[in-house]
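**Student:** So that we are looking at the same thing, I have put the structure below in structure tokens.
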Amino acid sequence: MRTVLLSIGLIVATTLLGSCATMSAEECVAGDWSGKGFSDGAAGYAQSRLGEHAAACTKHGITPDDDAYRAGWAQGVLRYCTPPNGFAQGRNGSAYNGVCPANLEDDFLPAYQDGQLVYASEQAISNARSSVDSLGGRLEELDDKLASKQRELRGEGLTDDQRDQLRNRIQEIRREREDTERNWRRAQRDLDDAERNARDVRYRLQRHYGAW
């Protein structure tokens, strides 16, 4: 499990860090490397983030104070690596970058994984509801198409071939509607199941973490 979490964390971190400079020119000049290390540690960043800061500040002719940064980071991590924060990080869908010392990770990881259960249960509800809404919208579209074709079929001046084509199209729409309604009902059941599971997860974990 830890290997999977670390892999996910590295992917997310690489994507985020590669998108922009981690420090502004003003921050580089201010040189509060202990404070920067603390804030990074408290946010769950790995010490390797110092390399990103170095790349940002080198452009301004400034070199980081490694010792000050690492000392601050070590203190910040102590604030990050708590069970309540682990639960909050997991519940928010945040990545864990494997920063906690072993003695703290023993309590942090189970709480983080509990938070992930909440996040997954809420995502399942969101996905199921999206399917219900999408299929419901498609049913409305098909009803409108069906009504339109039926009005055309009742019109005057149509040839036999035209009427046959309309009847065939009406049958096609009805078949698609039957399939769509079947899928909609399945999606609705999935939503009911997801909501039931989320309630169960919430009930079980509230005893440990309180209401959220």
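Numbering (the working numbering), first residue to last: 3 to 214. Built from N, CA and C at the ideal position, the CB exists for glycine as well. The model shown is predicted, which means the values in this text are computed figures rather than measured ones.
Determine the burial state of residue 86: buried for a count of at least 16 other Cβ atoms within 10 Å of its Cβ, exposed for fewer.
**Tutor:** Taking the sequence shown and counting its residues from 1, the one referred to as residue 86 is at position 84. So residue 86 counts as exposed.
**Student:** Could you give the DSSP three-state label for residue 130: helix, strand or coil?
**Tutor:** Stepping through the sequence shown from its first residue, residue 130 is reached at position 128. The answer is helix: DSSP assigns residue 130 an H, G or I state.
**Student:** Around the Cβ of residue 24, are there at least 16 other Cβ atoms within 10 angstroms (buried) or fewer (exposed)?
**Tutor:** Start at 1 with the first residue of the sequence shown, and residue 24 comes out as number 22. The residue in question, residue 24, is buried, as its Cβ has 16 or more Cβ neighbours within 10 Å.
**Student:** Taking 7 Å as the cut-off, is the beta-carbon of residue 112 closer than that to any non-hydrogen atom of the ligand SAH?
**Tutor:** In the structure on display, the ligand SAH does not appear, and there are no ligands present to speak of.
**Student:** What alpha helix (DSSP H) runs, 4 residues minimum, are completely inside the segment 69–99?
**Tutor:** You should have 85–93.
**Student:** According to DSSP, simplified to helix, strand and coil, what is residue 156?
**Tutor:** Taking the first residue of the sequence shown as position 1, residue 156 is located at position 154. Three-state DSSP puts residue 156 in coil, outside helix and strand.
**Student:** Is the Cβ-Cβ distance between residue 120 and residue 189 less than 8 Å?
**Tutor:** Within the sequence shown, numbered from 1, the residue matching residue 120 stands at position 118. Within the sequence shown, numbered from 1, the residue matching residue 189 stands at position 187. No, they are not a contact pair.
**Student:** Within 10 angstroms of its Cβ, does residue 58 collect 16 or more other Cβ (buried), or is it exposed?
**Tutor:** Start at 1 with the first residue of the sequence shown, and residue 58 comes out as number 56. Buried.
**Student:** From the DSSP output, in three-state form, read off residue 150 for me.
**Tutor:** Along the sequence shown, one-based indexing puts residue 150 at 148. DSSP places residue 150 in helix when its eight states are reduced to three.
**Student:** May I ask which residues mark the beginning and end of the alpha helix (DSSP H) holding residue 27?
**Tutor:** Numbered from its first residue, the sequence shown carries residue 27 at position 25. From DSSP, the alpha helix (DSSP H) with residue 27 extends over 27–32.
**Student:** Are there 16 or more other CB atoms within 10 angstroms of the CB of residue 50, so buried, or fewer, so exposed?
**Tutor:** In the sequence shown, the residue the question calls residue 50 occupies position 48. Exposed is the call here.
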